[in-house]
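K.L.:
Set out below in structure tokens:
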């Protein structure tokens, strides 16, 4: 039984998943369906966390929009996520950057990895 589930999950995995970590600034190209049309919408922000494994892996991205913090969580291997483009690498010493939720402005930045 367990082998059957593993085979089904392995068939759902994407081959080309971009390599990004917590603290990186990324652009997420997400497919949005409006009526009978489909378009790609870009969500740019800092990766707060990555969790899970296999085809259940998810990642959360946070950005500030008009002074309001917005977070979105996507499945990594979802067909709705077209691609994830890394803009800059961040130096993070933690796996989950929830402390960024309390910060505003320049304090909410993550140092760039050189």
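Numbering (my numbering), first residue to last: 31 to 144. The beta-carbon is built from N, C-alpha and C at its ideal position, and this holds for glycine as well. In this text, all values refer to a predicted model and were calculated from it rather than measured experimentally.
(1) What distance in whole Å lies between the Cβ atoms of residue 75 and residue 91, which are believed to be in contact at a cut-off of 8 Å?
(2) Report yes if the CB atom of residue 118 is closer than 7 Å to the CB atom of residue 142, and no otherwise.
(3) In the DSSP assignment, what are the bridge partners of residue 120?
(4) Does the stretch 125-138 touch the stretch 59-72, meaning 3 or more C-beta pairs lie closer than 8 Å?
(5) With a cut-off of 8 Å on the beta carbons, I'd call residue 54 and residue 116 a contact; round off their distance for me.
P.N.:
If we stick to the structure as given:
(1) By 1-based counting over the chain shown, the position of residue 91 is 61. By 1-based counting over the chain shown, the position of residue 75 is 45. The pair is a contact, with the Cβ atoms about 4 Å apart (cut-off 8 Å).
(2) Numbered from 1 along the chain shown, position 88 holds the residue referred to as residue 118. Numbered from 1 along the chain shown, position 112 holds the residue referred to as residue 142. Yes, the Cβ-Cβ distance between residue 118 and residue 142 is below 7 Å.
(3) The sequence position of residue 120 within the chain shown is 90, counting from 1. Paired residues: 142.
(4) No, because fewer than three Cβ pairs between the stretch 59-72 and the stretch 125-138 fall closer than 8 Å, the two stretches do not touch.
(5) On the chain shown, position 24 is the one that residue 54 refers to. On the chain shown, position 86 is the one that residue 116 refers to. Confirmed, Cβ separation roughly 5 Å.
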